[in-house]
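Peer 1: Protein chains in written order, with the numbering used here: chain A, 13 to 408; chain B, 13 to 408; chain C, 5 to 376; chain D, 5 to 376.
All residues carry an ideal CB built from backbone N, CA and C; glycine is no exception.
Sharing a structure here in structure tokens format.
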Amino acid sequence: MSPIDEFRQQTRAWLEENCPASQRRPVVKEEQIWAGRDRVFATPDAKLWFERMRDKGWTAPSWPTEYGGGGLSRDEEKVLEQEMARLHCRPPLYDLGLWMLGPALLVHGNEAQKQEHISKIVRGDIRWAQGYSEPAAGSDLASLKTRAEDMGDHFLVNGTKIWTTQADKADWIFALVRTDASGTKHEGISFILIDMRTAGVSTTPIELISGESEFCQTFFDDVKVPKENIVGGLNNGWAVAKELLKHERKLMATMESIIQREDESLVELATQYIGMDESGKLNDSSIRSRITDQLMTAEALEYLNERLFFQHRSKQVDPGLPLTVKYLGTNAMQQKDELLLQILGNHGLSWQEQSHTPREHNIVQNWAYNKAHTIAGGTSEIQLNIIAKRALGLPA
Amino acid sequence: MSPIDEFRQQTRAWLEENCPASQRRPVVKEEQIWAGRDRVFATPDAKLWFERMRDKGWTAPSWPTEYGGGGLSRDEEKVLEQEMARLHCRPPLYDLGLWMLGPALLVHGNEAQKQEHISKIVRGDIRWAQGYSEPAAGSDLASLKTRAEDMGDHFLVNGTKIWTTQADKADWIFALVRTDASGTKHEGISFILIDMRTAGVSTTPIELISGESEFCQTFFDDVKVPKENIVGGLNNGWAVAKELLKHERKLMATMESIIQREDESLVELATQYIGMDESGKLNDSSIRSRITDQLMTAEALEYLNERLFFQHRSKQVDPGLPLTVKYLGTNAMQQKDELLLQILGNHGLSWQEQSHTPREHNIVQNWAYNKAHTIAGGTSEIQLNIIAKRALGLPA
Amino acid sequence: MVLNEEQRLLQSSIRDFLNQRAPVSALRELRDNPTPQGFDTSLWRELVDLGVSSIVLSEAHGGFGFGWMGLGAVMEEIGRHLAVTPIFSSVVIGAALIEAADDHHSTEILPEIVAGTRTLAFACDEGLRFNPGATATLLNQGVLQGEKSFVLNGSGATDFLVLARTATDTKGTDGLSLILIPRDATGVTVDTIHSVDGHNFARVKFDQVAVDHRQFVGAPDHAWDFVSGVLDRATLALAAEMLGGARELLERTLAYLNDREQFDVKIGSFQALQHRCAQLFCQLELAQSVVYKGLSAIDQGQQDVAKLASHAKVLAIDCYQKMSNEAVQMHGGMGITDEVDIGLFLKRSRVCNQILGDSSFHRERFATLCGY
Amino acid sequence: MVLNEEQRLLQSSIRDFLNQRAPVSALRELRDNPTPQGFDTSLWRELVDLGVSSIVLSEAHGGFGFGWMGLGAVMEEIGRHLAVTPIFSSVVIGAALIEAADDHHSTEILPEIVAGTRTLAFACDEGLRFNPGATATLLNQGVLQGEKSFVLNGSGATDFLVLARTATDTKGTDGLSLILIPRDATGVTVDTIHSVDGHNFARVKFDQVAVDHRQFVGAPDHAWDFVSGVLDRATLALAAEMLGGARELLERTLAYLNDREQFDVKIGSFQALQHRCAQLFCQLELAQSVVYKGLSAIDQGQQDVAKLASHAKVLAIDCYQKMSNEAVQMHGGMGITDEVDIGLFLKRSRVCNQILGDSSFHRERFATLCGY
């Protein structure tokens, strides 16, 4: 047996042994395991599952073992993902530090920063928020105004960030700040780490159209930040940010494939809510046809991701290909949401919990919430601009 | 009975009396009655029908009687159109002079020009071509290079025009030429009338993807043109051109509604080529659904045109509305073509006349030919630009 | 297919009134602090005083001759303001059903509807979607039994107009009757649901409800003969409301694009956004033309507007849905927050989709009516 | 799902060869001066010498182990160059059918196909479209009777592989057999049709054609058991050809947009066109991923690729159709002339749509295979 097959066998056995049955069902929002100082677990099983995965370093399977990661090769990581998918294992940890900051720190952080932050991320001890966007900046990220003034022994940060995911629950925030206003927009930006407990940091939740408040506006009012909290060098924040945005896009893709997997089966739902005729066709030919559209897109996206994986493995990456993932994935997700909503009929018109099932509730709320996905992390328009220029070579 | 109802009754009676039965069937390309010195009629009935309409001035129903037009009011013209449609009467005359030059001459021409040209247009004695586009200009019409040099007693024209409809069969051409190169692109353009028999005018046909050659490239090589052939004043050609483009767009819309009426019935064709199940539904659910899309668009376009007519009549024209017609109409036509082609199956894959019926032949050739409609007369992209700026007030 | 002078005046007076009295913030207020009726009763009283409650009725029943084009103009404003009123359930459907039935109710209860002292709700849908042919609610030997799942304005109605099967051996739309049931009748249970759009609907259960023959509205067993026509007209009115919402969204989005700057220019100067807006405008005017065609066909006395109604509903659904998605997208981050109103229109559009038949239903019906 | 070193080399050598020997101008030449065979026989001879005629066969039958991913790479180049060859009819379908049938023909005629001295055409479609289950061509008591409407490469084939019903009491795809009929057999009439794309197909009539048992290919009455799998694989190869065409169109269009100036800038700098190109690229890569998934599934020995084949065909149809329409549009006036090549791809795409099942057929099949 090849080493990778052996690894697969061991992994499968370990997961079957260690992943509690309750953690093998699609995760609902309330049961997601988020990192943090005040980490709470919805169930004892969730705690068990998290701790077992953490102890193997499999919360961050491919990160170096010296910082607590799993140290897996790319192929092994893929096997782990496949085996987790096979058993429908829930992700053991949710955190922006895990998805975004960590990979960037591994590239741009100095040794002290890695020592300080990476293993805490792997262990889920700190919940991170992201401080990029500002109210007046939007897609034009580089026009940011939050500034960090060099006060000799520390920086003094003033300004405001928007779309900071659950900043009210976060322990630390990584942010882009202006440290030099003399050059072009992209110059003079630094990447900085801020403890949310520092005096002068405050947050206000933003109510979304889904009725939830996942995001906050975060205010910095004369916040003192140690000088060693700059990552990647003074005025070099744009380079770090770009590295991180790559992971954000990859993250979005991963999230989607998680959601694709964990989400509703269209066919099953349609069969139940619409019914079939005697020849085994759905009773609604318009919806039937739209399901075909949707399945064809969703499954093709899986193949596209698979193709990307093989390209990476054989070091033949087609540079345009990764750029398509976010645009296609977020569109497909929203199309599916619309279709699910129509299938629900009048059961899709309320998010009062008592008036329908939790499953219906979830579908309706996701429908509204997921409108964010074509906007956050680089709008679809920005994605298309990037594809046109970078993949297709069209003029600026 | 109201005067308009009376007019309707008389018109209906006259048409029933005077329109030969053979002229009440959808017209095929070969039987269209084109104007011209060497005018030919495919059948004696066609000649009869043309002459009867011409003698009433109903080749140009709303033009002034003093130039040979019908002198009808807008409402009467509409009634005539409706009654002709009711009997499926063919148009009695085809000519760019009728559709485009005439309306512009009536606004911008001087009395001598009207006397000289309008009645010949009404009587179908002269076939006109249009000389606007140039090979290097495309949608950027105003960047035209064909120049007319003032030689004292005449202009000397040099240059080339492309997309001149059947210029090889035309008697005269109306063209835009540069008479002053010193100002901006839009200045220094004049609108000029040129007899195609003048020495130095030559044409080459352009082969289209439909296998036809409806268009020519026309060359002007030291062509002498009398000075009185400028319409609307020297260097004022852009204003005349804009007037004329209005008619071109209206013309496209009219052509489409003619085509809509005279064209294939989707439902009938699908019934014949695809068949129905026992419950009376087409056997192909995808095509059935696309027919619904198509019919809904095509019928809505009819209502939009009808609404425009009522807006004109009640002098409440919504200025944005006419701008939508060309974009929507040409798109709808092409969608229908694609659908017809799919319905034909393997009978839609050849335009060899012997291998299928004339009807099939027509559908396939139109499918290819009609790709021109979203390009000619202002591309769809230009239409959208115009709508965005003029109807929606978005910034340049 | 064009509003006449009176209709234009009507529209502008309703617009002024709603701007004043029921801007979109009124919907937020109602959503966050719901009233038992599900709408603002004093707002409705004022609208009744303006005459909207008789707008679709003949002059004999208090109508002013504005016709269905006039109603369309009013519904458009309702759609633009997201105003919550019983006009659709109680007047456009309710009063029109009473008038179409043309029996003793026309003199007994129609005046109260016009006066706004009685409000009706039409109880038709069972299960997940509009499908009158599958009506299972049964009236047998004077007893009504069944459950209605999606009764618009159910929380505020004083009476229900219930579509029920009265001939047990029938199927489809044969053998149906329309029954007037007071809300407080024994055996009636009303379960109010606050919908995502800040409106409400109800699930209404009829458990052993006693019915006498005077509660029949129109001829027994043959209600569909007149109900279907009323619903077609109501569908066109609903489409007008939906396009009002879509038009408001387009205008708000254009204003935002003309205001917001990014990369040092107005975002409205980006050609990709310009083309998308232009396409939305084309789609809107196309749908609008079908709605006007349908409404003016009613005013011209055309009896059968079934095909136009289905046509209008499908295009209105597609248009409002696309417009609301694009409006959210073009508003960027702001579009997904509850701080701006865009999301309220987005939600309203999805609710409207389900009222009197969704896109699948009407596409199927259009195809059947066209014979393919 | 990625080409290996050998497959990449194969693709680039085929590309170089076709660039040299069969650029799009060769198609024009053939269109304007058709040969009796419908293709350039010396071009085919050279391709045979390069080994393409055995590419899908096992090594025992002369294959080189390039697999279906390798074939896909070749078909992509065929699609990019609009090359007219019998590879699809005679090799991808024909030889593969013979090999799959695994009987005496494998030794008798397969070597001639590989040598290019015999070319096959698969005679399946009757009427207007692909629908093997409705096969009416009948072989009864040794006599074949029927008509095939859309036989690809019919004009150039030396033999036909005819799908015929041999069990009269069957319907659907049960009771079918595959019969090898020489073109010059008594009772065979071939009517060649030049298609809009410069290729050809034939209508072939079989009138009282005598058949003996050695002409059966594979087991009588059960041909569908092996034919369906071969057609699924051929469908994936066809999809690869189509995407080759689509990719060529995208590249030509991008080159045009980067070259042509209007309003004093490159038209490729217009954002609306940029976004449309980016969307086309996304659509192409999505479809390409399904084709690679299907081809590599065959190479990995997956027996049933029916769902992937239908999936790939639908996306390839949508992609090539959209790409060709957009390419014409973005080339403006030039796009509708025969002077540039864009229109040739446009026409090829519509012909490909009809080969082995159109979009409706494969959407329906996909849905059925997914069980809804």
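For T172(A), collect the residues of the same chain with a Cβ closer than 8 Å to its Cβ; drop the 5 residues on either side in sequence, then sort them by chain order.
Peer 2: Closer than 8 Å at the Cβ level, and outside the excluded window around T172(A), lie E146, P147, T158, Q229, T230, F231, F232.
Peer 1: Of the residues R36(B), E63(B), A182(B), L188(B), which one's Cα is nearest the Cα of R209(B)?
Peer 2: Among R36(B), E63(B), A182(B), L188(B), the Cα nearest to that of R209(B) belongs to A182(B).
Peer 1: Pair every Cβ in the region 317 to 327 of chain D with every Cβ in the region 367 to 380 of chain B, then say whether three or more of these pairs are closer than 8 Å.
Peer 2: The region 317 to 327 of chain D vs the region 367 to 380 of chain B: no contact.
Peer 1: Compute the Euclidean distance between the alpha carbons of T162(C) and Q333(C), then round it to the nearest angstrom.
Peer 2: C-alpha separation (whole angstroms): 41 Å.
Peer 1: Name the chain A residues that come within less than 7 Å of H198(C), Cβ to Cβ?
Peer 2: Residues of chain A passing the Cβ test: S362, Q364.
Peer 1: Would DSSP call D345(D) helix, strand or coil?
Peer 2: In the structure shown, D345(D) sits in coil (DSSP, three-state: anything other than H, G, I, E or B).
Peer 1: Got a sec, what are the start and stop residues for the beta strand (DSSP E) L167(C) sits in?
Peer 2: Where L167(C) is concerned, the enclosing beta strand (DSSP E) stretches over 163 to 169.
Peer 1: Could you pull out every unbroken alpha helix (DSSP H) segment of at least 4 residues lying fully inside the region 56 to 105 of chain C, listed in chain order?
Peer 2: The qualifying runs are 71 to 85, 100 to 105.
Peer 1: In the DSSP assignment, find the alpha helix (DSSP H) that holds P27(D) and state where it starts and stops.
Peer 2: Per DSSP, P27(D) belongs to no alpha helix (DSSP H) and is neither H nor E.
Peer 1: Excluding five sequence neighbours on each side, which residues of the same chain lie with their C-beta closer than 7 Å to the C-beta of E95(B)?
Peer 2: Excluding sequence neighbours, E95(B) sits near R20, T23, R24, L27.
Peer 1: Considering just the uninterrupted stretch of the alpha helix (DSSP H) at E289(D), what are its terminal residues?
Peer 2: That run of the alpha helix (DSSP H) goes 275 to 303.
Peer 1: State yes or no: is the C-beta of L333(B) within less than 9 Å of the C-beta of R319(B)?
Peer 2: Contact: yes.
Peer 1: Could you name the residues of chain A that S297(B) contacts, counting a contact when the two beta carbons are closer than 8 Å?
Peer 2: Chain A residues near S297(B): S297, R300, S301.
Peer 1: Given that V208(C) touches chain A, what residues does it touch there, using C-beta distances under 9 Å?
Peer 2: Going along chain A, no residue has its Cβ under 9 Å from V208(C), so there is no contact; the nearest lies around 13 Å.
Peer 1: Fully enclosed by the region 78 to 155 of chain A, which beta strand (DSSP E) runs are 3 residues long or longer?
Peer 2: Counting whole runs of 3 or more residues, the region 78 to 155 of chain A contains the beta strand (DSSP E) stretches 140 to 143.
Peer 1: Alpha helix (DSSP H) containing I398(A): first to last residue?
Peer 2: Taken as a continuous stretch (DSSP letters only), the alpha helix (DSSP H) holding I398(A) covers 392 to 398.
Peer 1: Going by CA-CA distance only, name the one from E350(A), I394(A), I398(A), E393(A) that's closest to I375(A).
Peer 2: The residue with the shortest Cα to Cα distance from I375(A) is E350(A).
Peer 1: Along chain A, which residues have their Cβ under 8 Å away from the Cβ of G336(C)?
Peer 2: By Cβ distance, chain A contributes G150, S151, I387, T391.
Peer 1: Strictly below 7 Å CB to CB, what residues from chain A border V355(C)?
Peer 2: The answer, in chain order, is L361.
Peer 1: Could you give the residue range of the beta strand (DSSP E) that holds F134(C)?
Peer 2: Where F134(C) is concerned, there is no enclosing beta strand (DSSP E), given that its DSSP letter is neither H nor E.
Peer 1: Check whether the region 100 to 115 of chain D touches the region 213 to 229 of chain D, taking contact to mean three or more Cβ pairs, one atom from each stretch, closer than 8 Å.
Peer 2: The region 100 to 115 of chain D vs the region 213 to 229 of chain D: in contact.
Peer 1: In whole angstroms, what is the alpha-carbon distance linking S269(A) and E314(A)?
Peer 2: Because the pLDDT at S269(A) is just 45, under 50, the model does not fix this residue reliably, and the value given afterwards should be weighed accordingly. Looking at the two C-alpha atoms, the distance is approximately 8 Å.
Peer 1: Does the beta carbon of D201(D) come closer than 9 Å to any beta carbon on chain B?
Peer 2: D201(D) counts as touching chain B.
Peer 1: Among K59(B), V91(B), S202(B), which residue has its Cα nearest to the Cα of E18(B)?
Peer 2: Ranking K59(B), V91(B), S202(B) by Cα distance to E18(B) puts V91(B) first.
Peer 1: Compute the distance between the beta-carbons of K239(A) and F167(A), then report whether it is under 9 Å.
Peer 2: The answer is yes: Cβ separation under 9 Å.
Peer 1: Do T176(B) and G136(B) count as a contact pair if the criterion is CB distance below 9 Å?
Peer 2: Cβ distance not < 9 Å, so G136(B) and T176(B) don't count as in contact.
Peer 1: Whole angstroms are fine: how far does the CA of D129(C) sit from the CA of S363(C)?
Peer 2: Roughly 16 Å between the two C-alpha positions.
Peer 1: Restricting to Cα atoms, I'd like to know which of L86(C), N329(C), V213(C), A99(C) is closest to G202(C).
Peer 2: The residue with the shortest Cα to Cα distance from G202(C) is L86(C).
Peer 1: When we look at the beta-carbon of R273(A) and count the other beta-carbons within 10 Å, is it buried (16 or more) or exposed?
Peer 2: In this prediction, R273(A) has a pLDDT of 40, which is less than 50 and means its spatial position is unreliable; what the coordinates show is noted afterwards. Label assigned to R273(A): exposed.
Peer 1: Which residues, in order along the region 268 to 290 of chain C, keep a beta-carbon less than 7 Å from a beta-carbon of chain D?
Peer 2: Listed by position, the residues of the region 268 to 290 of chain C near chain D (Cβ gap below 7 Å) are F274, Q275, A276, H279.
Peer 1: Strictly by DSSP, which residues pair up with S202(A)?
Peer 2: According to DSSP, which records beta bridges pairwise, S202(A) is partnered with V189(A).
Peer 1: Of all the CB atoms in chain B, is at least one closer than 9 Å to the CB of M5(C)?
Peer 2: Taking Cβ atoms only, chain B reaches closer than 9 Å to M5(C), which makes this a yes.
Peer 1: Beta-carbon of E350(A) versus every beta-carbon of chain C: anything under 9 Å?
Peer 2: Yes, E350(A) counts as interfacial toward chain C.
Peer 1: Just to confirm, is the Cβ distance from L253(D) to L312(D) under 9 Å?
Peer 2: Contact: no.
Peer 1: By how many angstroms is the C-alpha of K152(C) removed from the C-alpha of V208(C)?
Peer 2: Near 5 Å, if we compare the C-alpha coordinates of K152(C) and V208(C).
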